[in-house]
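S.K.: Going down the list, the sequences are from chains A and B. Under full-length UniProt numbering, the residues of the first sequence are numbered 1 to 368, in order. Under full-length UniProt numbering, the residues of the second sequence are numbered 1 to 368, in order. Here it is: the structure, laid out below.
Number of protein chains: 2
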Amino acid sequence: MAAISPSRRLRRTPFSEGVEAMGAKAYTVYNHMLLATVFRSVEEDYRHLKSAVQVWDVACERQVELRGPDAGKLMKMLTPRDLRGMLPGQCYYMPIVDQTGGMLNDPVAVKLAEDRYWISIADSDLLFWVKGIAHALHMEVLVDEPDVSPLAIQGPKAEELMARVFGDSVRNIRFFRFGWFDFQGRSLVVARSGYSKQGGFEIYVEGSDIGMPLWNALFEAGKDLDVHAGCPNLIERIEGGLLSYGNDMTRANTPHECGLGRFCDTQTAIGCVGRDSLLRVAQDGPVRQIRAIAIEGAPVPGCGAPWPIMAGQDQVGQVTSAAWSPDYETNVAIGMVRMTHWEPYTEVDVLLPEGEVRAATVFGVFWN
Amino acid sequence: MAAISPSRRLRRTPFSEGVEAMGAKAYTVYNHMLLATVFRSVEEDYRHLKSAVQVWDVACERQVELRGPDAGKLMKMLTPRDLRGMLPGQCYYMPIVDQTGGMLNDPVAVKLAEDRYWISIADSDLLFWVKGIAHALHMEVLVDEPDVSPLAIQGPKAEELMARVFGDSVRNIRFFRFGWFDFQGRSLVVARSGYSKQGGFEIYVEGSDIGMPLWNALFEAGKDLDVHAGCPNLIERIEGGLLSYGNDMTRANTPHECGLGRFCDTQTAIGCVGRDSLLRVAQDGPVRQIRAIAIEGAPVPGCGAPWPIMAGQDQVGQVTSAAWSPDYETNVAIGMVRMTHWEPYTEVDVLLPEGEVRAATVFGVFWN
Numbered sequence: 001m002a003a004i005s006p007s008r009r010l011r012r013t014p015f016s017e018g019v020e021a022m023g024a025k026a027y028t029v030y031n032h033m034l035l036a037t038v039f040r041s042v043e044e045d046y047r048h049l050k051s052a053v054q055v056w057d058v059a060c061e062r063q064v065e066l067r068g069p070d071a072g073k074l075m076k077m078l079t080p081r082d083l084r085g086m087l088p089g090q091c092y093y094m095p096i097v098d099q100t101g102g103m104l105n106d107p108v109a110v111k112l113a114e115d116r117y118w119i120s121i122a123d124s125d126l127l128f129w130v131k132g133i134a135h136a137l138h139m140e141v142l143v144d145e146p147d148v149s150p151l152a153i154q155g156p157k158a159e160e161l162m163a164r165v166f167g168d169s170v171r172n173i174r175f176f177r178f179g180w181f182d183f184q185g186r187s188l189v190v191a192r193s194g195y196s197k198q199g200g201f202e203i204y205v206e207g208s209d210i211g212m213p214l215w216n217a218l219f220e221a222g223k224d225l226d227v228h229a230g231c232p233n234l235i236e237r238i239e240g241g242l243l244s245y246g247n248d249m250t251r252a253n254t255p256h257e258c259g260l261g262r263f264c265d266t267q268t269a270i271g272c273v274g275r276d277s278l279l280r281v282a283q284d285g286p287v288r289q290i291r292a293i294a295i296e297g298a299p300v301p302g303c304g305a306p307w308p309i310m311a312g313q314d315q316v317g318q319v320t321s322a323a324w325s326p327d328y329e330t331n332v333a334i335g336m337v338r339m340t341h342w343e344p345y346t347e348v349d350v351l352l353p354e355g356e357v358r359a360a361t362v363f364g365v366f367w368n
Numbered sequence: 001m002a003a004i005s006p007s008r009r010l011r012r013t014p015f016s017e018g019v020e021a022m023g024a025k026a027y028t029v030y031n032h033m034l035l036a037t038v039f040r041s042v043e044e045d046y047r048h049l050k051s052a053v054q055v056w057d058v059a060c061e062r063q064v065e066l067r068g069p070d071a072g073k074l075m076k077m078l079t080p081r082d083l084r085g086m087l088p089g090q091c092y093y094m095p096i097v098d099q100t101g102g103m104l105n106d107p108v109a110v111k112l113a114e115d116r117y118w119i120s121i122a123d124s125d126l127l128f129w130v131k132g133i134a135h136a137l138h139m140e141v142l143v144d145e146p147d148v149s150p151l152a153i154q155g156p157k158a159e160e161l162m163a164r165v166f167g168d169s170v171r172n173i174r175f176f177r178f179g180w181f182d183f184q185g186r187s188l189v190v191a192r193s194g195y196s197k198q199g200g201f202e203i204y205v206e207g208s209d210i211g212m213p214l215w216n217a218l219f220e221a222g223k224d225l226d227v228h229a230g231c232p233n234l235i236e237r238i239e240g241g242l243l244s245y246g247n248d249m250t251r252a253n254t255p256h257e258c259g260l261g262r263f264c265d266t267q268t269a270i271g272c273v274g275r276d277s278l279l280r281v282a283q284d285g286p287v288r289q290i291r292a293i294a295i296e297g298a299p300v301p302g303c304g305a306p307w308p309i310m311a312g313q314d315q316v317g318q319v320t321s322a323a324w325s326p327d328y329e330t331n332v333a334i335g336m337v338r339m340t341h342w343e344p345y346t347e348v349d350v351l352l353p354e355g356e357v358r359a360a361t362v363f364g365v366f367w368n
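Shown next, in the form of C-alpha cells:
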C-alpha cells in the first residue's frame, strides 16, 4: 500500500490524537476527512469487533444541519422516503437522488425537532446539493455543517460500555432512535445505530473540545471489557451487506438497483426530487441489482476498481467490495448483477486484476 | 506516513497504470480520486520540474459540464467574475461562492461554445451545487461529469514535448487559451495552463480509453528531454503562491480574504450567488488575508492541520501549507494573517506541532 501525504485538506478529527495513539495502520479519506481502516489487522479487528467492543472515530460522517421554518419542507424534497411519520427522536435511513433518480448519498437523517434535522452523510458533499436547492428556492432554512463528530461504539459489549459512561438509561434506546445524554455537563445525541451488524451506538459529539475527553472516558471505563479502537470493518460490513456509497453504488445507480426500493415511497413522497424518474423505475423494476457474491479460492486483494462479473464472454455485472471472510471461509463480496444472472446460486466468473479468473456464486441474501 | 487503503471509492484514473509504473510513492485523495504527491522525493521532483518536463496525472481535476440553452445564464449565476467578455477558446479562473460569500471552489472554466462549458474543479463536489441550482430553477441545461481527465505537461521543456506530440502549432496557444488538437484521430482540448509557475499545458483527455496511449506517446517522444512523471509539487506551488482549496481556503473564507478580490466584479456581475455579501466585503475589505510567510529554522514537517500564527499571546492567523525550499533556503509557507500583522516584514511566531515555536516573517509577495 502507498503512503498518504498529510495536508489540511484531508481533515483531522477531534479524535485523531486518540486514533494515532492507538496505532492506526492505514487510512482512507471520507468527506475530505481521515478515516482509519486498520488497527491491528483487518482480520484481528474483525474478530475483536464480533466479540468485544470498539470505539470508532467516524467523525467523517459529517452532518448537514437544516434549521428553520422550511427545514421539514426541504427534507421532504430531498428524499423519496415518506417522512410524514418521522418524529423527533427518530433516525431514518434515506436515499437521496438527483432528478434522474441517481444516488447522491445514502445518509441517516436525525430529527432533532420539527424545524431541525441533521443529515449524517456518506462520502459526497451533500451540503452543496442541499444549499444549492435551498438558495435557489429562497427557502427559509439555514443549511450548514455544524461542529458535530460522530463516535461509534460497536460490538456485543457496546451497551455495557455505554451504560458505564452515560448511565443505564442508554439501554432503553431502541434501534434507530436517539436520546439526549449528559457528558461532562454537555447534552449529546446518542443513537442506537452504526455501520456494523454487531449492535451499538453512535454518539453525535457536539463540540470538538470534548472529543478527546469522551474518547478517554470510554477507554478508561472499558478496560475490563477489552475495549479497543476500531473502524468500519471491511469483512464484517460485506458479510452484513452494508453498502458503501462510492464503492457499491454511485450516481449511476438508482435506489432500486441498490436494493433500497423499500425506502422509496414514490406514491406518497410527492414533490421530492427525482420522483418522476423513480416512478418509472418502481414500475419497471431495475435491470441490475446489488447481490452477495462468494468468490472461490485464495483471499482476494483489495478491490480498488470494479471487477467484471462474466458469464462466458458477456459481462453481467461487477464486484465493487470484496474480502476474505475467516468465519465463512470464502471471499465475501458485494456486486451489481444483471437480471439475467441475479437468481440465487447462479454461477459466474469474476475477473480479478492481472487477468485472473475466479469462479463465483451469486446469493440472494448476505451472510450476517 | 500511514498507508492508504485501496477502494473503488478512491477512484483510479485513466493514467493510474502509468503513475504506478513510474513509482509514485505517496498519494492524496482529491475529488474522490487518487492524486500522486511524490515520485522520487518532493525535493528531487521539484528540481526536475524546474529544469525539465513532467507529465502529471491530474484527472482529479474533474469537469462539471454545462450544456444547453441556459448554460451561459447558469455560469453567470455561479461566479462573481464578469464573464461577459469570455469567448470560446478561453479559460477563466473563477471563484465560486455560496450566498454568504464563502468559497465553494476555485475552478478554471473552459468555454467550449456559447452553450457549452467545462468547469475544471478543485477539491469539492461542485457538481452537486450546480445541479441543485439548475434543478431548482428549472433551467434548460444539462449538468454532468463527463469522461474528461486532464493530463498536465509542466516545466521549461513542456512546449518542446507538446510540439513533438501535437505539432508545432501548440506553440501558438496563448496563456489561458486553448485549441483543439488531434491525437490518434481524437480531437482534444489543449490549454496553456497548469498548477505550476514553470509553464506548460493541460490536455483535457476526453475518453478514458486513450489515456494510456497518450501517456505512452508523451514518454516516448520526450526521452531525450528527460521527461518524468510528476505531480503538483508542494514546494514549487508555495513558492509561486498557488493556493489550494481545502488547504489555504475553505467555505469559511471570502474570495477577498484569499486575495481573489480582482476576480469579483460585484458591480457588474449582477445576479450571481453571494453578490450582496461580496458587495459588503468589497466595500469594507477583508480583516484577514492570504500572505507568504517564511518560517525560520530546520525544515518543517507536513502541515496536516493549521498552525497558529502568534504575536505574543494573541493568535493573529494560521499557516495552512508549508515546506522547505531548497532554492530559497527557508521554509516557505502560505497562511491567513489578520490585518494587524499582514504588513510586509512583520515578525510573528508560528506554533508547530508538539509545542515548537518558530520565528517567522510575513511577506507581501510570494517567491516565484
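Ideal placement from N, C-alpha and C gives every residue a C-beta, glycine not left out.
Anyone know if the C-beta pair for A:ARG9 and B:GLY274 falls short of 9 Å?
M.R.: Here residue 9 of chain A refers to the residue found at position 9 when the first sequence is read from its first residue. Here residue 274 of chain B refers to the residue found at position 274 when the second sequence is read from its first residue. Taking 9 Å as the Cβ cut-off, A:ARG9 and B:GLY274 do not qualify as a contacting pair.
S.K.: Taking A:ILE295 and A:VAL350 to be in contact with their CB atoms under 8 Å, please state how far apart those CB atoms are, rounded to whole angstroms.
M.R.: Along the first sequence, read from residue 1 onward, the residue named residue 295 of chain A stands at position 295. Along the first sequence, read from residue 1 onward, the residue named residue 350 of chain A stands at position 350. About 5 Å; that satisfies the 8 Å criterion.
S.K.: If I'm right that B:LYS197 touches B:GLU140 with Cβ under 8 Å, what's the distance once you round it to whole angstroms?
M.R.: Numbered from its first residue, the second sequence carries residue 197 of chain B at position 197. Numbered from its first residue, the second sequence carries residue 140 of chain B at position 140. With a Cβ gap of about 40 Å, B:LYS197 and B:GLU140 do not count as contacting.
S.K.: Given that a residue counts as buried once 16 or more other Cβ atoms are within 10 Å of its Cβ, and exposed if not, what is B:HIS138?
M.R.: Taking the second sequence and counting its residues from 1, one reaches residue 138 of chain B at position 138. Under this definition B:HIS138 is an exposed residue.
S.K.: Could you list which residues in chain B have their beta carbon closer than 7 Å to that of A:VAL281, in chain order?
M.R.: The sequence position of residue 281 of chain A within the first sequence is 281, counting from 1. Those do not exist, as A:VAL281 stays about 18 Å from chain B at its closest Cβ, beyond 7 Å.
S.K.: Tell me the start and end of each unbroken alpha helix (DSSP H) in the segment 65-137 of chain B that is at least 4 residues and wholly inside, in chain order.
M.R.: As far as the segment 65-137 of chain B is concerned, its whole alpha helix (DSSP H) runs of at least 4 residues are 71-78, 126-136.
S.K.: Which residue wins for smallest C-alpha separation from B:ASN331, given the options B:THR79, B:PRO301, B:LEU74, B:ALA305?
M.R.: Counted from its first residue, the second sequence places residue 331 of chain B at position 331. With distances taken between Cα atoms, B:ASN331 lies closest to B:PRO301.
S.K.: By how many angstroms is the C-alpha of A:LYS131 removed from the C-alpha of B:LEU278?
M.R.: Here residue 278 of chain B is taken as the residue at index 278 of the second sequence, counted from 1. Here residue 131 of chain A is taken as the residue at index 131 of the first sequence, counted from 1. One C-alpha to the other measures close to 18 Å.
S.K.: Please identify, using Cβ separations under 8 Å, the residues of the segment 34-65 of chain A that lie next to chain B, in order along the chain.
M.R.: Answer set for the segment 34-65 of chain A: THR37, VAL38.
S.K.: At a Cβ cut of 7 Å, what residues of the segment 176-208 of chain A count as close to chain B, listed as they run along the chain?
M.R.: Residues: none.
S.K.: Does the beta-carbon of A:PRO353 have 16 or more other beta-carbons within 10 angstroms, so that it is buried, or is it exposed?
M.R.: Stepping through the first sequence from its first residue, residue 353 of chain A is reached at position 353. Its Cβ having fewer than 16 others within 10 Å, A:PRO353 is exposed.
S.K.: Can you tell me which of the three DSSP states B:LEU278 falls into?
M.R.: Position 278 of the second sequence holds residue 278 of chain B. If DSSP states are grouped into helix, strand and coil, B:LEU278 belongs with the helices.
S.K.: Looking at the secondary structure, which residues open and close the alpha helix (DSSP H) in which A:LEU214 lies?
M.R.: The residue given as residue 214 of chain A occupies position 214 in the first sequence. Taken as a continuous stretch (DSSP letters only), the alpha helix (DSSP H) holding A:LEU214 covers 211-221.
S.K.: Under 7 Å, CB to CB, which of the residues in the segment 241-274 of chain B have a partner in chain A?
M.R.: The residues in question are SER244, GLY246, ASN247, VAL273.
S.K.: Express the C-alpha separation of B:GLY102 and B:ARG251 in angstroms, rounding to a whole number.
M.R.: Along the second sequence, one-based indexing puts residue 251 of chain B at 251. Along the second sequence, one-based indexing puts residue 102 of chain B at 102. Spanning the two alpha carbons is a distance of roughly 5 Å.
S.K.: Classify A:GLU202: buried if its beta carbon has 16 or more other beta carbons within 10 angstroms, exposed otherwise.
M.R.: Here residue 202 of chain A refers to the residue found at position 202 when the first sequence is read from its first residue. Buried, by the Cβ-count rule.
S.K.: For A:GLN283, is the classification buried or exposed, using 16 other Cβ atoms within 10 angstroms of its Cβ as the cut-off for buried?
M.R.: Translated into positions along the first sequence, residue 283 of chain A becomes position 283. Exposed, by the Cβ-count rule.
S.K.: When DSSP builds the beta bridges, which residues end up paired with A:GLU202?
M.R.: Residue numbering aside, residue 202 of chain A sits at position 202 when the first sequence is read from its first letter. Note: A:GLU202 sits in a beta bridge opposite A:ALA152, A:ALA191.
S.K.: What's the gap between the Cα of A:TYR46 and the Cα of A:GLY304?
M.R.: Your numbering for residue 46 of chain A matches position 46 in the first sequence. Your numbering for residue 304 of chain A matches position 304 in the first sequence. Those two C-alpha atoms are separated by around 20 Å.
S.K.: So is B:HIS32 in contact with chain A if we call contact Cβ pairs under 9 Å?
M.R.: The residue given as residue 32 of chain B occupies position 32 in the second sequence. Chain A, which has a Cβ nearer than 9 Å to the Cβ of B:HIS32, makes this yes.
S.K.: Whole angstroms are fine: how far does the CA of B:LEU87 sit from the CA of B:VAL189?
M.R.: The sequence position of residue 189 of chain B within the second sequence is 189, counting from 1. The sequence position of residue 87 of chain B within the second sequence is 87, counting from 1. The alpha-carbon atoms of B:VAL189 and B:LEU87 are separated by roughly 15 Å.
S.K.: Listed from N- to C-terminal order along the chain, which residues in the segment 90-103 of chain B have their beta-carbon within a distance smaller than 8 Å of any beta-carbon of chain A?
M.R.: Correct list: ASP98, GLN99.
S.K.: Where does the unbroken alpha helix (DSSP H) through A:ALA294 begin, and where does it stop?
M.R.: Taking the first sequence and counting its residues from 1, one reaches residue 294 of chain A at position 294. Here A:ALA294 belongs to no alpha helix (DSSP H); instead the beta strand (DSSP E) covers 288-295.
S.K.: Can you grab the Cα-Cα spacing for the pair A:VAL319 / A:MET310, in whole Å?
M.R.: Locating residue 319 of chain A in the first sequence gives position 319, where the first residue counts as 1. Locating residue 310 of chain A in the first sequence gives position 310, where the first residue counts as 1. Straight-line Cα distance between these residues: approximately 10 Å.
S.K.: Are at least three pairs of beta-carbons, each pair with one atom in the segment 110-124 of chain A and one in the segment 77-94 of chain A, less than 8 Å apart?
M.R.: Yes: at least three Cβ pairs fall under 8 Å.
S.K.: Taking C-beta pairs closer than 7 Å, name the residues in chain B that A:HIS341 reaches, listed in chain order.
M.R.: For the purposes of this step, residue 341 of chain A is taken as the residue at position 341 of the first sequence. Within chain B, no residue comes near A:HIS341; the closest Cβ sits about 20 Å away, beyond 7 Å.
S.K.: Taking CB distances under 9 Å as the criterion, tell me whether B:ILE133 reaches chain A.
M.R.: One-based indexing of the second sequence puts residue 133 of chain B at position 133. Output row for B:ILE133: interface = yes.
S.K.: A:ALA24 to B:ARG192, Cα distance in whole Å?
M.R.: Start at 1 with the first residue of the first sequence, and residue 24 of chain A comes out as number 24. Start at 1 with the first residue of the second sequence, and residue 192 of chain B comes out as number 192. Spanning the two alpha carbons is a distance of roughly 42 Å.
S.K.: What does B:ALA25 reach in chain A if we use C-beta pairs closer than 8 Å?
M.R.: Taking the first residue of the second sequence as position 1, residue 25 of chain B is located at position 25. With the sequence shown as reference, residue 25 of chain B is identified as Lys, and Ala is not the correct amino acid for it. By Cβ distance, chain A contributes ALA2, ALA3.
S.K.: Specify, as a first and last residue, the run of the alpha helix (DSSP H) that A:GLY18 falls within.
M.R.: The count along the first sequence starts at 1 and reaches residue 18 of chain A at position 18. From DSSP, the alpha helix (DSSP H) with A:GLY18 extends over 16-21.
S.K.: Whose C-beta lies closer than 8 Å to the C-beta of A:PHE39 among residues of the same chain, with five residues either side of it excluded?
M.R.: Here residue 39 of chain A refers to the residue found at position 39 of the first sequence. For A:PHE39, where only same-chain residues beyond five positions count, the Cβ hits under 8 Å are MET22, GLY23, ALA24, LYS25, ASP45, HIS228, ALA229, GLY230, CYS231.
S.K.: If we define contact as Cβ-Cβ less than 9 Å, is residue 369 of chain B a contact residue for chain A?
M.R.: What the structure shows of chain B is the stretch from 1 to 368, and residue 369 of chain B is not part of that stretch, so it cannot be assessed.
S.K.: CA-CA distance, A:TRP118 and A:MET94?
M.R.: Counted from its first residue, the first sequence places residue 118 of chain A at position 118. Counted from its first residue, the first sequence places residue 94 of chain A at position 94. About 12 Å.
S.K.: Taking the CB atoms as reference points, tell me whether A:GLY241 and A:TRP367 lie closer together than 9 Å.
M.R.: Along the first sequence, one-based indexing puts residue 241 of chain A at 241. Along the first sequence, one-based indexing puts residue 367 of chain A at 367. In contact: A:GLY241 and A:TRP367 (Cβ atoms closer than 9 Å).
S.K.: Between the C-alpha atoms of A:MET33 and A:TRP56, what's the straight-line distance to the nearest angstrom?
M.R.: Looking up residue 33 of chain A in the first sequence gives position 33. Looking up residue 56 of chain A in the first sequence gives position 56. Cα to Cα, A:MET33 sits roughly 14 Å from A:TRP56.
S.K.: Mind listing the chain A neighbours of B:VAL108? Cutoff is C-beta to C-beta under 8 Å, in chain order.
M.R.: Taking the second sequence and counting its residues from 1, the one referred to as residue 108 of chain B is at position 108. Here the premise fails: no neighbours, minimum Cβ distance about 18 Å.
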